[in-house]
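S.K.: Just passing along the structure, written as structure tokens.
Numbering (this note's numbering), first residue to last: 4 to 785.
Spelled out as structure tokens, the structure:
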């Protein structure tokens, strides 16, 4: 039997020794960012993706081992553990197989089959199964038992059937064959519940839908499952979707083949035929359907969580505008626009409320107020929230910039998703106890332009609005995954120890909320940190926490220039030896590529350091504290295009990717409703994943293909040469008569063909399915 380390090594195609080392480090309390960054020699270069997989699989496989021990103990206590069964139990590599093997021995409620066995019918069932020459009705007479409710031949034979049905249903190898068969060819079918057509109009794409189960993408699976939960749709698994009429279903044929049942004209054949059909229809098909739909949900949830995690990572790693004095403008109409100015470090300087829009319409006064504030504080950036009134406020900002004679700031539209959540949060109340909740939102908007990562970590990631059916997935798994994403992003960038908030420090490797609060309290009491060693004086921050955190914390202008780099303090002695070897000093090495290129590990035999670590040290010394995030740039929304009604088909616009889903990408055009670029309109070449082309935060040019203002839907294309399909053409295609089945049972729609060819170059008919999901995202933009 393979060990856990061997199993994971095979999955990742790496050495078992690498996995063993990683497991030991994780068990010792090391974090994934720390291992990936500072223990490359130990793991022989495993990256954070490898380590996240190891962490996840380690938990699953250890649970599997614990369950295996419980099952073996239970069967042993029943005195039913054979060498062959023990071997199968020990080699079971997943929970499903393990539970299949345990089925015959698992304590269960009293079933019809058990009642029949207790009434003495098992010999009859065995005789009829093994000898088809027997006449069932004749044999049943001797087993009539009035006291046990088996008062005639029919009831006796039914009891024998249930004994065999339950025997079939507990056959682990048969279950494995049927499961494999269904996963290969079964279809998921969806029909509308009777009388639910109007109530469930948003699910009309699934009123008569069928597709290969194994090919159902996560967004469609979750949509259908949600429709079922709302009692709009009825879902089922169809093992033979293209089979109109047959003596046996393919599943029943597999049962016969498994038990070598050749149903001839013998007297007992009809009885066995009934057993097979009942076993499939009333037992196996129902249990496997429940299992497969459960697996479909789990896989779809994992897919949706992965989409959310990727989008969140892209947003957190978006380019920071930098340490510049910024004016945050949270647009509003009746209640006015909230204004907050923060300095280069994010410290709040001044607030105001202006009323440039209806009903007050104090436009000129608002311009004068903003001009005065910009001049007073030498504002370099204007951050405008993209909510209601944003385009009107963008015009206001343009006039302010025009009115300024010098030091003109740059205006940028900023996503305000989650800003209201921050405003009402405990963290915001603690930071700004005397500030109105609405003003706090303007502060957040200003800061997230300066540094998206530092500000967004203060908000529950589920409130940022980049998820796909996020409320339909496991909330515990979603939270854990998103926490991992935030941890990876924060530690990848690094954190300024002297300016970071407690929320940001909490995400640093090795630190928790208590330690982060203590760091801030120490900083407030003693002033700035001058070197990393001072961290050891912080309450509750012990040697292990220091080891895990120190390398990710930066100190600019401190006693040791290495403290402003990603070099871990444990490597400082190594650098001192390198400096001595080169007869140089640290100030001459930092940023000096020519001097650093002279370092040769072969010449450093007396220094105990690995090649991977040395390369990382040299890289950090070349560009200490480098930021892995891209250079900042902002999209320029088209003047005069402020609402969905201003859009016209064929218009080419610049926008920002706000969200990426499996079926395409959503684009913020500055009209308060994101448009959808279907996956087939992202590029002229075939792509299976939109993230191959775009990611959240990218600035793109798109062509407007269709506008439906009533339904708030905008279809876009990044293939700027794509020809627009007119509404009339679309209606003609939609209204083509469809052939109807003559069968009494409604025939399912044919499976949707999989996207495995190059998309058509000059036709736009691809947004219908994707737009059905746009509504799921729209609410998060508010």
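For every residue, glycine included, the Cβ atom is placed at its ideal position computed from N, Cα and C.
Under a Cβ-count criterion, where at least 16 other Cβ atoms within 10 Å of its own Cβ denotes burial, should residue 11 be classed as buried or exposed?
M.R.: Locating residue 11 in the chain shown gives position 8, where the first residue counts as 1. That one is buried.
S.K.: Going by the CB atoms, is the gap between residue 658 and residue 637 shorter than 9 Å?
M.R.: As a working note, residue 637 is residue 634 in the chain shown. As a working note, residue 658 is residue 655 in the chain shown. Cβ distance not < 9 Å, so residue 637 and residue 658 don't count as in contact.
S.K.: Considering only their Cβ atoms, is the gap separating residue 287 from residue 240 smaller than 9 Å?
M.R.: Sequence index remark: in the chain shown, residue 240 carries index 237 (1-based). Sequence index remark: in the chain shown, residue 287 carries index 284 (1-based). For residue 240 and residue 287, no; Cβs fall outside 9 Å.
S.K.: Quick check: the Cα distance between residue 764 and residue 682, rounded to an integer number of angstroms?
M.R.: Numbered from its first residue, the chain shown carries residue 764 at position 761. Numbered from its first residue, the chain shown carries residue 682 at position 679. With a pLDDT of 41 at residue 764, under the threshold of 50, the modelled position of that residue is not reliable, and the figure given next carries that caveat. Residue 764 and residue 682: Cα-Cα distance of roughly 13 Å.
S.K.: Would the beta-carbon of residue 700 fall within 9 Å of that of residue 254?
M.R.: Taking the first residue of the chain shown as position 1, residue 700 is located at position 697. Taking the first residue of the chain shown as position 1, residue 254 is located at position 251. The answer is no: Cβ separation not under 9 Å.
S.K.: Could you check the C-alpha separation between residue 472 and residue 485 for me, to the nearest Å?
M.R.: Sequence index remark: in the chain shown, residue 472 carries index 469 (1-based). Sequence index remark: in the chain shown, residue 485 carries index 482 (1-based). Between residue 472 and residue 485, the C-alpha separation is close to 15 Å.
S.K.: I'd like to know if the region 504 to 511 and the region 458 to 469 are in contact, where contact means that at least 3 CB-CB pairs between them fall below 8 Å.
M.R.: Touching, yes, given that three or more Cβ pairs across the two stretches are closer than 8 Å.
S.K.: Please determine, among 210, 562, 722, the residue with the shortest C-alpha to C-alpha distance to residue 198.
M.R.: Here the question's residue 198 lines up with position 195 in the chain shown. The option with the nearest alpha carbon to residue 198 is 210.
S.K.: In or out: residue 173 buried (at least 16 other Cβ within 10 Å) or exposed?
M.R.: Sequence index remark: in the chain shown, residue 173 carries index 170 (1-based). Residue 173 comes out buried.
S.K.: Whose C-alpha, out of 447, 704, 710, 523, is nearest the C-alpha of residue 686?
M.R.: One-based indexing of the chain shown puts residue 686 at position 683. For residue 686, the nearest C-alpha among the options comes from 704.
S.K.: Taking only the alpha-carbon atoms, compute the straight-line gap between residue 693 and residue 721 and give it to the nearest angstrom.
M.R.: Taking the first residue of the chain shown as 1, we reach residue 693 at position 690. Taking the first residue of the chain shown as 1, we reach residue 721 at position 718. Computed Cα separation, rounded: 12 Å.
S.K.: Just the Cα atoms here: how many angstroms apart are residue 200 and residue 718?
M.R.: The sequence position of residue 200 within the chain shown is 197, counting from 1. The sequence position of residue 718 within the chain shown is 715, counting from 1. Approximately 26 Å, taken between the alpha carbons.
S.K.: Apart from the five residues on each side of it in sequence, which residues of its chain come closer than 6 Å, Cβ to Cβ, to residue 115?
M.R.: Residue numbering aside, residue 115 sits at position 112 when the chain shown is read from its first letter. Here the set comprises 165.
S.K.: Can you give me the C-alpha to C-alpha distance between residue 733 and residue 478, rounded to a whole angstrom?
M.R.: Within the chain shown, the letter at position 730 stands for residue 733. Within the chain shown, the letter at position 475 stands for residue 478. Low confidence applies here, because residue 733 scores a pLDDT of 47, under 50, leaving its location unreliable; read the following figure in that light. Taking the straight line joining both Cα atoms gives about 40 Å.
S.K.: My output table needs one value for residue 681: the three-state DSSP class, helix, strand or coil.
M.R.: What you label residue 681 is simply residue 678 of the chain shown in a count that begins at 1. In the structure shown, residue 681 sits in a strand (DSSP, three-state: E or B).
S.K.: What is the rounded straight-line gap between the Cα of residue 503 and the Cα of residue 483?
M.R.: In the chain shown, counting from the first residue as 1, residue 503 sits at position 500. In the chain shown, counting from the first residue as 1, residue 483 sits at position 480. Roughly 23 Å between the two C-alpha positions.
S.K.: Quick one: grab the DSSP three-state call for residue 152.
M.R.: Walking along the chain shown from the start, residue 152 turns up at place 149. Here residue 152 sits in coil by DSSP.
S.K.: Might you give, ordered along the chain, the residues of its own chain that have their beta carbon closer than 6 Å to the beta carbon of residue 385, omitting 5 neighbours on each side?
M.R.: Numbered from its first residue, the chain shown carries residue 385 at position 382. If we look at residue 385 and ignore the five residues flanking it on each side, its Cβ neighbours are 330, 400, 412, 414.
S.K.: Say whether the region 17 to 34 touches the region 73 to 93, bearing in mind that this needs 3 or more beta-carbon pairs closer than 8 Å, one atom from each stretch.
M.R.: No, they do not touch.
S.K.: Enumerate in chain order the residues of its own chain whose CB-to-CB distance from residue 314 is below 7 Å, with the five nearest sequence positions on each side excluded.
M.R.: Locating residue 314 in the chain shown gives position 311, where the first residue counts as 1. Only 469, 662, 663, 699 meet the Cβ criterion.
S.K.: Just to confirm, is the Cβ distance from residue 570 to residue 633 under 9 Å?
M.R.: For this step, residue 570 is matched to residue 567 along the chain shown. For this step, residue 633 is matched to residue 630 along the chain shown. Not closer than 9 Å, so no.
S.K.: Could you check the C-alpha separation between residue 50 and residue 36 for me, to the nearest Å?
M.R.: As a working note, residue 50 is residue 47 in the chain shown. As a working note, residue 36 is residue 33 in the chain shown. So the alpha carbons of these two residues sit roughly 9 Å apart.
S.K.: Evaluate the contact criterion for the region 330 to 349 versus the region 376 to 394: three or more CB pairs, one atom per stretch, below 8 Å.
M.R.: Yes: the two stretches touch, three or more of their Cβ pairs being nearer than 8 Å.
S.K.: Out of curiosity, what's the CA-to-CA distance linking residue 316 and residue 492?
M.R.: Position 313 of the chain shown holds residue 316. Position 489 of the chain shown holds residue 492. One C-alpha to the other measures close to 7 Å.
S.K.: Going by CA-CA distance only, name the one from 423, 390, 371 that's closest to residue 407.
M.R.: As a position in the chain shown, residue 407 is number 404, starting the count at 1. Among 423, 390, 371, the Cα nearest to that of residue 407 belongs to 371.
S.K.: Should residue 443 and residue 418 be called a contact, given that it needs their Cβ atoms to be closer than 9 Å?
M.R.: Position 440 of the chain shown, counting from 1, holds the residue named residue 443. Position 415 of the chain shown, counting from 1, holds the residue named residue 418. For residue 443 and residue 418, no; Cβs fall outside 9 Å.
S.K.: Between which two residues does the alpha helix (DSSP H) harbouring residue 318 extend?
M.R.: What you label residue 318 is simply residue 315 of the chain shown in a count that begins at 1. 288 to 319 is the extent of the alpha helix (DSSP H) around residue 318.
S.K.: If we ignore side chains and look at the alpha-carbon of each, how far apart do residue 185 and residue 39 end up?
M.R.: Here residue 185 is taken as the residue at index 182 of the chain shown, counted from 1. Here residue 39 is taken as the residue at index 36 of the chain shown, counted from 1. Residue 185 and residue 39: Cα-Cα distance of roughly 40 Å.
S.K.: Please classify residue 455: is it buried, with 16 or more other beta-carbons within 10 angstroms of its beta-carbon, or exposed?
M.R.: As a first step, residue 455 must be located in the chain shown, where it is residue number 452. Buried is the call here.
S.K.: Could you tell me how far apart the beta carbons of residue 499 and residue 534 are, in whole angstroms, since I believe they sit closer than 8 Å?
M.R.: By one-based count along the chain shown, residue 499 stands at place 496. By one-based count along the chain shown, residue 534 stands at place 531. With 8 Å as the limit, residue 499 and residue 534 do not qualify as a contact, their Cβ atoms being about 14 Å apart.
S.K.: When DSSP builds the beta bridges, which residues end up paired with residue 239?
M.R.: Here residue 239 refers to the residue found at position 236 when the chain shown is read from its first residue. Answer is 192.
S.K.: Per DSSP, what kind of secondary structure is residue 666 in: helix, strand or coil?
M.R.: As a first step, residue 666 is located in the chain shown; it is residue number 663 there, counting from the start. Residue state, collapsed to three classes: coil.
S.K.: Rounded to a whole number of angstroms, what is the C-alpha to C-alpha distance between residue 786 and residue 590?
M.R.: Residue coverage of the chain in this structure runs from 4 to 785, which leaves residue 786 outside it and unanswerable.
S.K.: For the region 358 to 398, which segments carrying the alpha helix (DSSP H) assignment without a break, of at least 4 residues, lie completely within its bounds, in sequence order?
M.R.: Within the region 358 to 398, the complete alpha helix (DSSP H) runs of at least 4 residues are 366 to 380.
S.K.: How close, in whole Å, do the beta carbons of residue 29 and residue 61 come, if the pair is a contact with beta carbons under 8 Å?
M.R.: Locating residue 29 in the chain shown gives position 26, where the first residue counts as 1. Locating residue 61 in the chain shown gives position 58, where the first residue counts as 1. Sure, about 7 Å apart at Cβ, within 8 Å.
S.K.: Contact between the region 338 to 347 and the region 373 to 380 is defined here as three or more beta-carbon pairs at a separation below 8 Å; is this criterion met?
M.R.: Because the criterion of three Cβ pairs below 8 Å is met, the region 338 to 347 and the region 373 to 380 touch.
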